[in-house]
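Engineer:
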Amino acid sequence: MVNVGAGEVLIRAEAAGVGVGLLRNREQPAPGGEVVGRVEAVGAGVDGIAAGDRVGGVVFSGAYSPLVIGRPGLVNPIPEEPDAAAAVAVVRGGLVALGALHAGRAVDGESVLVTAAASGVGHLAVQLARALGAARVVAAAGSAGKRAFAQECGADEFVTYADAGWGEPVDLVLDGVGGELVQRGVDALRPFGRLVSFSAEGGAVDAGSLLGGGRTITGFAVGLWSRARPEDVDAWRQRLWALLADKRIAPRYTEFPVADLDRALDLVAARANLGRVVVRFE
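For what it's worth, the UniProt record's numbering labels the leading residue of the sequence shown as 1, then goes sequentially.
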């Protein structure tokens with residue numbers, strides 16, 4: 001049995017998410033990640049979570065083990081209804097997507113462009129933009145082979161990074177890729193448009209391309225927001241579960257048994273995944 005310390009909960013995992021973060025930490029002996037499971041035991045000082053509760057969120061290590069230690073606030077109670085793989089897709093990817101839309105001050109009737117639109121975060125951002133009232137949603141991805149998937153998720157238009165232009169300018173860009181695409185995203189904005197960058201890759205921007213059109217860039221990190229404005233993040237969680245229950249969002253995922261974690265990682269490394277990649281514990 002794994003020892004449970006003060007302020008910790010022991011979780012028997014149902015499923016875990018596989019993303020680019022794991023690629024960076026592939027050589028670590030027990031990397032962290034998104035997990036959904038059932039609480040087996042709670043440590044001293046834990047309030048709001050009890051043994052038997054179903055929880056989901058992010059753990060710092062051991063995400064791909066059947067028993068994993070989590071901390072309340074990073075893992076939180078979740079509904080019983082969603083399938084484990086769907087829940088894994090929402091607990092982190094959905095939170096980032098919805099948070100980025102809020103950071104970008106998404107307004108009903110506006111147009112939104114999402115890069116990495118077939119990714120675990122991006123495909124939910126496309127759906128959430130529509131659910132929040134976007135009048136036009138443009139999906140951008142690395143290959144034309146992802147067009148049908150993006151359209152299934154609700155995109156009105158589809159562009160690739162190689163396209164010379166990305167169509168009519170938009171009010172809001174959500175960029176999860178970084179690098180040179182940050183500038184491409186700025187160039188795709190209407191006057192007074194906003195870009196939200198949530199990629200760890202960063203990227204350089206010509207300030208002159210912001211000045212002339214009154215455009216702005218906002219950085220978004222859900223971890224910082226969780227620490228500084230936890231009440232907002234709690235509200236986003238509740239909204240995500242409600243949207244999922246109402247079938248206004250539908251997480252897509254490719255599922256592997258945990259024994260095939262390397263195959264799951266290879267799919268992510270090839271950028272060939274459509275939606276979230278998930279490993280399930282039997």
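Positions of the beta carbon are idealized from the N, C-alpha and C atoms, including for glycine.
All values derive from a computational prediction rather than experimental measurement.
Where DSSP assigns a beta bridge to Asn76, which residues make up the other side?
Structural biologist: Here residue 76 refers to the residue found at position 76 when the sequence shown is read from its first residue. Gly56.
Engineer: Kindly give me the distance between the Cβ atoms of Leu128 and Leu95, rounded to whole angstroms, as I take these residues to be in contact under 8 Å.
Structural biologist: Position 128 of the sequence shown, counting from 1, holds the residue named residue 128. Position 95 of the sequence shown, counting from 1, holds the residue named residue 95. Incorrect: roughly 11 Å between the Cβ atoms, too far for contact.
Engineer: Drop a sphere of 10 angstroms on the beta-carbon of Asn273, count the other beta-carbons inside from all chains shown, and report buried for 16 or more, exposed for fewer.
Structural biologist: Translated into positions along the sequence shown, residue 273 becomes position 273. Classification for Asn273: buried.
Engineer: Using 8 Å as the cut-off, can you tell me whether the region 53–60 makes contact with the region 75–84, which would need three or more C-beta pairs spanning the two stretches below that distance?
Structural biologist: Yes, since at least three Cβ pairs between the region 53–60 and the region 75–84 fall closer than 8 Å, the two stretches touch.
Engineer: Thinking C-beta only, is Pro31 closer than 8 Å to Trp241?
Structural biologist: Taking the first residue of the sequence shown as 1, we reach residue 241 at position 241. Taking the first residue of the sequence shown as 1, we reach residue 31 at position 31. No, the pair does not count as a contact, with Cβ atoms beyond the cut-off.
Engineer: Take Leu243 and list the residues in its own chain whose beta-carbon comes closer than 8 Å to its own, dropping the five residues that flank it on each side.
Structural biologist: Position 243 of the sequence shown, counted from the start, is the residue given in the question as residue 243. Cβ neighbours of Leu243 beyond the five flanking positions: Leu128, Ala131 and Ile249.
Engineer: Looking only at DSSP bridge pairs, what is Gly33 linked to?
Structural biologist: Within the sequence shown, numbered from 1, the residue matching residue 33 stands at position 33. BP columns for Gly33 point to Val59.
Engineer: Using the beta-carbon count (16 or more within 10 Å), is Phe192 buried or exposed?
Structural biologist: For this step, residue 192 is matched to residue 192 along the sequence shown. With fewer than 16 Cβ atoms within 10 Å of its Cβ, Phe192 is classed as exposed.
Engineer: Please go through the same chain and pick out, in chain order, the residues whose beta-carbon is closer than 6 Å to the beta-carbon of Ala44, but skip the five residues on each side of it.
Structural biologist: Indexing the sequence shown from 1 puts residue 44 at position 44. Correct list, in chain order: Ala6.
Engineer: Have a look at Gly52 and Asn25 and give me their C-alpha separation to the nearest angstrom.
Structural biologist: Position 52 of the sequence shown, counted from the first residue, corresponds to residue 52. Position 25 of the sequence shown, counted from the first residue, corresponds to residue 25. Cα to Cα, Gly52 sits roughly 31 Å from Asn25.
Engineer: Alpha carbon to alpha carbon, how far is Val186 from Ala85? Give it in angstroms, no decimals.
Structural biologist: Position 85 of the sequence shown, counting from 1, holds the residue named residue 85. Position 186 of the sequence shown, counting from 1, holds the residue named residue 186. Straight-line Cα distance between these residues: approximately 34 Å.
Engineer: Indicate whether the contact test is met: 3 or more Cβ pairs, each with one atom in the region 160–180 and one in the region 192–203, closer than 8 Å.
Structural biologist: As far as the Cβ criterion goes, the region 160–180 touches the region 192–203, which means the pair count is three or higher.
Engineer: Between the alpha carbons of Asp206 and Val182, how many angstroms are there, rounded?
Structural biologist: As a first step, residue 206 must be located in the sequence shown, where it is residue number 206. As a first step, residue 182 must be located in the sequence shown, where it is residue number 182. Cα-Cα distance, rounded: 10 Å.
Engineer: Assign Phe220 to one of three DSSP states: helix, strand, or coil.
Structural biologist: Looking up residue 220 in the sequence shown gives position 220. Three-state DSSP puts Phe220 in coil, outside helix and strand.
Engineer: Just to confirm the assignment, what range does the alpha helix (DSSP H) spanning Phe149 have?
Structural biologist: Here residue 149 corresponds to residue number 149 of the sequence shown, with the count starting at 1. It spans Arg147 to Glu152 - the alpha helix (DSSP H) in which Phe149 sits, taken as one unbroken run.
Engineer: Out of Ala13, Ala125, Gly48 and Asp47, state which residue places its alpha-carbon closest to the alpha-carbon of Ser65.
Structural biologist: Locating residue 65 in the sequence shown gives position 65, counting from the first residue. Considering only alpha carbons, the answer is Ala13.
Engineer: Here's a check: name, in chain order, each residue in its chain whose Cβ is nearer than 7 Å to the Cβ of Glu180, leaving out the five neighbours to either side.
Structural biologist: For the purposes of this step, residue 180 is taken as the residue at position 180 of the sequence shown. Cβ within range, chain order: Gly203.
Engineer: Buried or exposed: Thr115, going by 16 or more other Cβ atoms within 10 Å of its Cβ?
Structural biologist: Here residue 115 refers to the residue found at position 115 when the sequence shown is read from its first residue. Buried, because 16 or more other Cβ atoms sit within 10 Å of the Cβ of Thr115.
Engineer: Quick check on Lys146: buried or exposed, where buried means 16 or more other Cβ atoms within 10 Å of its Cβ?
Structural biologist: If you number the sequence shown from 1, residue 146 lands on position 146. With 16 or more Cβ atoms within 10 Å of its Cβ, Lys146 is classed as buried.
Engineer: Which same chain residues end up closer than 7 Å to Val2 when comparing Cβ atoms and leaving out the 5 residues on each side of it in sequence?
Structural biologist: Locating residue 2 in the sequence shown gives position 2, counting from the first residue. These residues qualify, in order along the chain: Leu10, Leu67 and Ile69.
Engineer: Using CA coordinates, which residue listed in Val88, Thr254 and Ala228 is at the minimum distance from Arg38?
Structural biologist: Mapped onto the sequence shown, residue 38 falls at position 38. The shortest Cα separation from Arg38 among Val88, Thr254 and Ala228 belongs to Val88.
Engineer: Val138 and Asp156: beta carbons closer than 8 Å?
Structural biologist: Locating residue 138 in the sequence shown gives position 138, where the first residue counts as 1. Locating residue 156 in the sequence shown gives position 156, where the first residue counts as 1. Yes; because the gap between Cβ atoms is below 8 Å, this pair is in contact.
Engineer: Give me the DSSP bridge partner(s) of Thr254.
Structural biologist: On the sequence shown, position 254 is the one that residue 254 refers to. Looking at the DSSP assignment, Thr254 forms a beta bridge with Val277.
Engineer: Going by C-alpha distance, which of Arg280, Val279 and Gly275 is nearest Val126?
Structural biologist: In the sequence shown, the residue the question calls residue 126 occupies position 126. Comparing Cα-Cα distances from Val126 to each of Arg280, Val279 and Gly275, the minimum goes to Gly275.
Engineer: Would you list, in sequence order, the uninterrupted beta strand (DSSP E) runs of no fewer than 3 residues that lie entirely inside the region 2–47?
Structural biologist: Here the runs fully enclosed are 9–18 and 31–42.
Engineer: Should Ala282 be labelled buried (16 or more other beta-carbon atoms within 10 Å of its own) or exposed?
Structural biologist: Along the sequence shown, read from residue 1 onward, the residue named residue 282 stands at position 282. For clarity, residue 282 is Glu in the given sequence; the question names Ala instead. Per the 10 Å Cβ criterion, exposed.
Engineer: Just the Cα atoms here: how many angstroms apart are Arg194 and Leu210?
Structural biologist: On the sequence shown, residue 194 is found 194 positions in, with the first residue counted as 1. On the sequence shown, residue 210 is found 210 positions in, with the first residue counted as 1. Going from the Cα of Arg194 to the Cα of Leu210 covers about 10 Å.
Engineer: Tell me whether Ser143 is buried or exposed, calling it buried when 16 or more other Cβ atoms sit within 10 Å of its Cβ.
Structural biologist: One-based indexing of the sequence shown puts residue 143 at position 143. Looking at its Cβ environment, which holds fewer than 16 other Cβ atoms inside 10 Å, Ser143 is exposed.
Engineer: Identify every run of the beta strand (DSSP E) within the region 79–122, keeping only runs that are complete inside it and at least 3 residues long; order them along the chain.
Structural biologist: You should have 111–114.
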